[in-house]
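Following: one structure in structure tokens, then a few remarks.
Residue numbers (our numbering): 121 to 220.
As structure tokens, then:
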């Protein structure tokens, strides 16, 4: 049978704590604004790196351009030999057959 209630050493948060849905994270809003002002310079530099003599640098730049232009490639997740993945979910609430 699983444990009930909070785990030792954890603190319960009030139900309405935290940032409300849709509210921007104040810590990253400023960083994103700064990064957007640097975008033209970063794009120009990325273009320079595409033409690098160093193949590893050029390949890295190509990956960055493709990721931004088309999105990152999806990664398939599978079990052994391409099989299914099974999850065991423990809720801490006993199954009906375990309560008798």
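A virtual CB, placed ideally from N, CA and C, is assigned to each residue, including glycine. Please read these numbers as outputs of a predicted model, since none were measured by experiment.
Asked: Do residue 199 and residue 206 have their beta-carbon atoms positioned less than 9 Å apart in this structure?; Found: yes
Asked: Three or more C-beta pairs under 8 Å: does that hold for the region 138 to 154 against the region 168 to 181?; Found: no
Asked: Using CA atoms only, rank isn't needed, just tell me which of 145, 142, 144, 184 is closest to residue 225.; Found: No answer is possible for residue 225: it lies beyond the span of the chain, which begins at 121 and ends at 220.
Asked: Which value, in whole angstroms, describes the spacing of the CA atoms of residue 147 and residue 139?; Found: 12 Å
Asked: Could you compute how far the alpha carbon of residue 158 sits from the alpha carbon of residue 174?; Found: 25 Å
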